[in-house]
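Undergrad: Pasting a structure here, questions to come.
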């Protein structure tokens, strides 16, 4: 099929033409050394069995689709949340290209980040020369107020000392002595993207406050600090802003990338936009306390706030769903002395009304989910509040304490009695669970679509539809602007879940003259 200006077919219909079908068949026959289709189908069927699941869960030496990303990805997101800050990754250029494209595809926005392009010579002799040139060039070309440095595997394996390199760069005049260059070591071979965010934030807090604590004391500025953690739903930053403003609470969001990751198309490119100011992070120790919105992912931040800022960090869960949003607002009211606003009480009532309207459709529906630790915990809690049943919760990078906390939440509800919590597992483990446990839906990021495809290949009755909530979302647009926190976020999640259930019901009942006696106009 030849393309011409009057008729241009995109890839999907183009590759289904007879010409392309023939080309692809010839390619398979001549070059791929492919096994017979009967053998492929036989192996596929075996991978859907309980026998294979037991073998799958006993593997020790390989990870397949890990359900996490690496530390510097989180460090870059954290740095983007500070005003006029350039994320700088000490390591290879390819790593930074990965981080930028990962965020590009999720946020549909340009993402600024630089690398000092370590190559083979730096891997042998160290990357100090790269950092000298990199810091000088980044400062001259992009004119940031702050350069926030993190590392890749290459720099960590050879043991590059960021503190020494940065100090040497300043001594030799590559950047001014007083130019802010906070840093964090973010080795990709341990932890995950959430660890990297935590490490980078602790690095920022340490750089701007550790040596200037004299005269600072909790409560001096009358504000409350909010630390979001690795958060990619821009609506979640905005809903915290809105709720605090409606209550009249003085607060500071420590790392807020909403503006730079959601710039308008008005003809002006904004390399920097919004973010937490340098003065705000310097003043953070004077706050009443620091509230961690994703506490399981912010262990270093918590320790620093408690030991250096002398803050009594409240023990709260991620504010997802009704009860945990209530807990956040009541704690904020207690700390600030400001009552919960009438508008938030009305919003809460609307959520309860929505839950009442939809509970009959969600009751008894079975959900499996995967994602980051705090998100998975909050989603589990919310599903139980909605009356849905949870079959499996999988988090690759959670610890045993988190697992115990999640199991206690499940045991406290009649809808979580048969659930299993999996830590240190990957999406290939999750795939096995979808075949053997057969939930009605799975909740997770875009990578789950391939598991949905596999379940459908076994047969339509085995299909487990994916509900896209999490990070990254590459194959749907604008979901990153949505909200999952607060009453507003619970409304969005509830709407998404119940409409997925109803969409599936319509799909199953639209057979003309067979199942359409349940193809109802009103649900």
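Numbering (this note's numbering), first residue to last: 386 to 908. Glycine residues also receive a C-beta, built at the ideal position from the N, C-alpha and C atoms. None of these values were measured; they are calculated from a predicted model.
1) Would you please state the rounded distance, in angstroms, between the beta carbons of residue 818 and residue 761? I believe it to be under 8 Å.
2) Would you check if the region 591-607 and the region 542-550 touch, i.e. whether three or more CB-CB distances between them fall below 8 Å?
3) Can you tell me which residues form a DSSP beta bridge with residue 827?
4) How far does the beta strand (DSSP E) with residue 533 in it extend, from its first residue to its last?
5) Jot down the residue ranges of each uninterrupted alpha helix (DSSP H) in the region 394-469, minimum 4 residues, whole runs only, in chain order.
6) Can you tell me the Cα-Cα spacing of residue 689 and residue 587, whole angstroms?
7) With which residues is residue 661 paired in a DSSP beta bridge?
8) Can you name, in chain order, every residue of its own chain whose Cβ lies under 6 Å from the Cβ of residue 573, other than the five neighbours on each side?
9) Give me the Cα-Cα distance between residue 733 and residue 755, rounded to the nearest whole angstrom.
10) So what does DSSP say about residue 678, is it helix, strand or coil?
11) Which residue wins for smallest C-alpha separation from residue 679, given the options 655, 749 and 763?
12) Can you tell me whether DSSP reads residue 392 as helix, strand or coil?
13) Measure the alpha-carbon distance for residue 490 versus residue 497 and round it to whole angstroms.
14) Threshold first: 4 residues or longer. Then list the alpha helix (DSSP H) segments lying entirely within the region 541-601, N to C.
15) For residue 674, which of 697, 880, 827 and 444 has the nearest alpha-carbon?
16) For residue 404, does the count of other Cβ atoms within 10 angstroms reach 16, so buried, or fall short, so exposed?
17) Is residue 575 buried or exposed, if buried means 16 or more other CB atoms sit within 10 Å of its CB?
18) If I follow the unbroken beta strand (DSSP E) through residue 779, where does it start and stop?
19) Per DSSP, what kind of secondary structure is residue 686 in: helix, strand or coil?
20) Have a look at residue 501 and residue 471 and give me their C-alpha separation to the nearest angstrom.
21) Taking only the alpha-carbon atoms, compute the straight-line gap between residue 797 and residue 898 and give it to the nearest angstrom.
22) CA-CA distance, residue 522 and residue 622?
23) Return helix, strand or coil for residue 710, following the three-state DSSP convention.
24) Is it the case that the Cβ atoms of residue 895 and residue 904 are separated by a distance below 7 Å?
25) Quick one: residues in its chain with C-beta nearer than 8 Å to the C-beta of residue 435, no 5 flanking neighbours on either side, listed in chain order?
26) Provide the residue span of the beta strand (DSSP E) that contains residue 807, from first to last.
27) By DSSP's criteria, residue 475 is part of a beta bridge. Which residues make up the other side?
28) Looking at the unbroken alpha helix (DSSP H) that takes in residue 794, where does it start and where does it end?
29) Is the Cβ-Cβ distance between residue 840 and residue 846 less than 7 Å?
30) Measure the alpha-carbon distance for residue 503 versus residue 886 and round it to whole angstroms.
31) Near residue 452, what residues of its chain come up, given a Cβ to Cβ distance below 6 Å and the 5 sequence neighbours on each side ignored?
32) Quick check on DSSP: helix, strand or coil for residue 481?
33) Helix or strand or just coil, what does DSSP make of residue 636?
TA: The relevant details are as follows:
1) The C-beta distance from residue 818 to residue 761 rounds to 14 Å, too long to meet the 8 Å contact threshold.
2) Taking 8 Å as the limit for Cβ pairs, the verdict is that the region 591-607 does not touch the region 542-550.
3) 753 and 851.
4) Its beta strand (DSSP E) spans residues 531-536.
5) If you keep only unbroken alpha helix (DSSP H) runs of at least 4 residues inside the region 394-469, you get 396-399, 403-416, 422-432, 435-442 and 456-465.
6) Roughly 7 Å separates the two Cα atoms.
7) Under DSSP, the beta-bridge partners assigned to residue 661 are 467.
8) Excluding sequence neighbours, residue 573 sits near 455, 456 and 538.
9) The straight-line gap from Cα to Cα measures roughly 27 Å.
10) Assignment of residue 678 by DSSP, reduced to helix, strand and coil, places it in the coil class.
11) Nearest of 655, 749 and 763 to residue 679, Cα basis: 763.
12) Collapsing the DSSP output to three states places residue 392 in a strand.
13) Going by the C-alpha atoms only, they are around 14 Å apart.
14) The region 541-601 contains these whole alpha helix (DSSP H) runs: 547-556 and 578-594.
15) The shortest Cα separation from residue 674 among 697, 880, 827 and 444 belongs to 697.
16) It counts as exposed.
17) That one is exposed.
18) Per DSSP, residue 779 belongs to the beta strand (DSSP E) from 774-780.
19) Secondary structure at residue 686: helix, using DSSP grouped into helix, strand and coil.
20) Going from the Cα of residue 501 to the Cα of residue 471 covers about 13 Å.
21) If I take the Cα positions, the gap works out to 44 Å.
22) Taking the CA atoms as reference points, residue 522 sits about 32 Å from residue 622.
23) In this structure, residue 710 counts as helix in the three-state DSSP scheme.
24) In this structure, residue 904 lies closer than 7 Å to residue 895 by Cβ.
25) Answer for residue 435: 821, listed in chain order.
26) DSSP places residue 807 in the uninterrupted beta strand (DSSP E) bounded by 805-808.
27) Bridge partners of residue 475 according to DSSP: 536.
28) Looking at the DSSP string, the run of the alpha helix (DSSP H) that includes residue 794 is 785-796.
29) No, these two residues do not count as a Cβ contact at 7 Å.
30) Looking at the two C-alpha atoms, the distance is approximately 50 Å.
31) The residues are 755, 781, 811 and 812.
32) Residue 481: helix per DSSP, three-state reduction.
33) In this structure, residue 636 counts as strand in the three-state DSSP scheme.
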